[in-house]
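Trainee:
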Amino acid sequence: MDDIFAKINTEINIKRYKKEYVAHFEALRDAIFTALKKDHVFAALYNGNYLKGSYADNLKVKYPDEYDLVFRLKLPEGKRIQVVKDEEIPGNVKIDLSEVLKVIAKQTQHLNTYNRLKKTVTDEGLLSLKLLQSWLESCFTKALDSINKKITHDGITSPLSYSKQGPAHTIYVKVPYTYSVDFVPAIVLISTKAILPTISKDWDAIPKPLKFLPSDTSFRASYDSLENEIIKDKNNLKNALRIMKKYRDIHTNLYNLKSYYIKTLFLWRASKEPSTFWNKPISFVVSQVSFNIIESWTVEVFSSSSIMYEIYFKYVLRW
Numbered sequence: 001m002d003d004i005f006a007k008i009n010t011e012i013n014i015k016r017y018k019k020e021y022v023a024h025f026e027a028l029r030d031a032i033f034t035a036l037k038k039d040h041v042f043a044a045l046y047n048g049n050y051l052k053g054s055y056a057d058n059l060k061v062k063y064p065d066e067y068d069l070v071f072r073l074k075l076p077e078g079k080r081i082q083v084v085k086d087e088e089i090p091g092n093v094k095i096d097l098s099e100v101l102k103v104i105a106k107q108t109q110h111l112n113t114y115n116r117l118k119k120t121v122t123d124e125g126l127l128s129l130k131l132l133q134s135w136l137e138s139c140f141t142k143a144l145d146s147i148n149k150k151i152t153h154d155g156i157t158s159p160l161s162y163s164k165q166g167p168a169h170t171i172y173v174k175v176p177y178t179y180s181v182d183f184v185p186a187i188v189l190i191s192t193k194a195i196l197p198t199i200s201k202d203w204d205a206i207p208k209p210l211k212f213l214p215s216d217t218s219f220r221a222s223y224d225s226l227e228n229e230i231i232k233d234k235n236n237l238k239n240a241l242r243i244m245k246k247y248r249d250i251h252t253n254l255y256n257l258k259s260y261y262i263k264t265l266f267l268w269r270a271s272k273e274p275s276t277f278w279n280k281p282i283s284f285v286v287s288q289v290s291f292n293i294i295e296s297w298t299v300e301v302f303s304s305s306s307i308m309y310e311i312y313f314k315y316v317l318r319w
């Protein structure tokens with residue numbers, strides 16, 4: 001049985017396809033950020049980027065055809081940002097820029113940033129998802145227009161298309177490879193502003209709208225360093241997770257079983273088990289975690305993002 005699982009894991013691992021995609025992806029990424037930074041405010045706030053999601057975690061199945069790229073925006077006077085826990089949505093926070101705006105209004109070096117931020121907050125001084133994303137959408141539109149909606153890499157021209165959905169600004173490529181990149185904005189917040197007491201590094205707030213409880217001022221807290229710590233040194237965790245995702249992909253009746261939900265249950269199990277659990281045969285790990293998924297499988301749970309968010313933040317991150 002373990003030999004079969006090992007063969008499946010080899011077949012669905014993206015490593016053998018990774019090199020041919022990654023050079024093109026990097027050329028696209030660099031071209032887009034160079035164009036975006038023609039906007040002076042974007043250039044002033046831009047604080048780097050990192051990959052997130054299945055590709056970054058080496059959990060992508062078969063082809064590296066979807067990338068989640070978080071780009072960080074660091075606001076001036078970060079110590080003056082007031083972060084408030086959203087009591088209605090587990091894992092979410094509200095970002096009050098009232099004090100920041102009062103201070104930078106008097107700073108000539110931040111004049112352009114001040115004028116932009118004033119247009120992205122509510123009357124109460126809370127950062128607005130819609131207003132922030134509206135500005136970013138205009139930045140992406142102008143950036144793509146400035147490069148004629150195409151890039152050229154290794155002598156091959158790739159037309160680009162763009163759409164806005166959820167928190168992401170998605171760019172699609174069809175030539176010479178077919179893939180998409182979700183450019184996801186994140187507001188950088190310092191560790192002392194974290195709701196979780198165990199956070200010692202900067203963290204991110206993602207403008208992710210939620211269908212089950214819409215709020216224009218509620219941002220998703222993202223603690224990648226803590227999640228990475230949970231996953232670290234768990235030998236067969238990623239292998240088992242990839243296999244479960246592949247099983248989901250080939251069974252159409254499991255369409256509600258989102259990757260986020262599968263990963264959340266793996267993280268929950270990882271937070272409970274000793275590291276030695278993940279050194280056991282992959283067939284054992286798959287069967288054990290599969291039981292958790294089957295046990296939890298109800299329409300109410302896996303069709304409800306709110307329940308899964310609660311599991312993730314309360315039982316995985318100890319929110």
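Numbering-wise (the UniProt record's numbering), the sequence shown opens with residue 1 and increments by one. Beta carbons: idealized from backbone N, C-alpha and C, even for Gly. What you are looking at is a predicted structure, and each value in this text was computed from that prediction instead of being measured.
Would you kindly report the start and end of the unbroken alpha helix (DSSP H) that includes residue 263?
Mentor: Numbered from 1 along the sequence shown, position 263 holds the residue referred to as residue 263. Where residue 263 is concerned, the enclosing alpha helix (DSSP H) stretches over 259–272.
Trainee: Is the Cβ-Cβ distance between residue 250 and residue 282 less than 9 Å?
Mentor: For the purposes of this step, residue 250 is identified with residue 250 of the sequence shown, where counting begins at 1. For the purposes of this step, residue 282 is identified with residue 282 of the sequence shown, where counting begins at 1. Not a contact, by the Cβ cut-off of 9 Å.
Trainee: In terms of residues, what are the limits of the alpha helix (DSSP H) holding residue 116?
Mentor: As a first step, residue 116 must be located in the sequence shown, where it is residue number 116. Residues 111–118.
Trainee: Give every residue of the same chain whose Cβ lies closer than 6 Å to the Cβ of residue 194, excluding the five residues on either side of it in the sequence, and list them in chain order.
Mentor: Within the sequence shown, numbered from 1, the residue matching residue 194 stands at position 194. Excluding residues within five positions, the ones whose Cβ falls inside 6 Å are 203.
Trainee: Note the first and the last residue of the continuous beta strand (DSSP E) segment covering residue 150.
Mentor: Mapped onto the sequence shown, residue 150 falls at position 150. Taken as a continuous stretch (DSSP letters only), the beta strand (DSSP E) holding residue 150 covers 150–153.
Trainee: Which runs of the beta strand (DSSP E) spanning at least 3 residues fall entirely within the stretch 167–198, listed in chain order?
Mentor: Correct list: 168–173 and 179–189.
Trainee: May I ask you to report which of helix, strand or coil DSSP gives residue 122?
Mentor: Translated into the one-based positions of the sequence shown, residue 122 becomes position 122. Three-state result, residue 122: coil.
Trainee: Kindly list the residues whose CB is nearer than 6 Å to the CB of residue 98, restricted to its own chain and excluding five residues on each side of it in sequence; keep chain order.
Mentor: Along the sequence shown, read from residue 1 onward, the residue named residue 98 stands at position 98. Excluding sequence neighbours, residue 98 sits near 125.
Trainee: Can you grab the Cα-Cα spacing for the pair residue 207 / residue 226, in whole Å?
Mentor: The residue given as residue 207 occupies position 207 in the sequence shown. The residue given as residue 226 occupies position 226 in the sequence shown. Going from the Cα of residue 207 to the Cα of residue 226 covers about 20 Å.
Trainee: For residue 66, report the span of its beta strand (DSSP E) as first-last.
Mentor: Taking the sequence shown and counting its residues from 1, the one referred to as residue 66 is at position 66. Per DSSP, residue 66 belongs to the beta strand (DSSP E) from 66–73.
Trainee: Can you tell me which of the three DSSP states residue 287 falls into?
Mentor: For this step, residue 287 is matched to residue 287 along the sequence shown. Three-state result, residue 287: helix.
Trainee: Provide the residue span of the beta strand (DSSP E) that contains residue 50, from first to last.
Mentor: By 1-based counting over the sequence shown, the position of residue 50 is 50. Counting along the chain, the beta strand (DSSP E) containing residue 50 begins and ends at 46–52.
Trainee: Please identify the residue among 213, 181 and 262 whose C-alpha is closest to the C-alpha of residue 51.
Mentor: Mapped onto the sequence shown, residue 51 falls at position 51. Comparing Cα-Cα distances from residue 51 to each of 213, 181 and 262, the minimum goes to 181.
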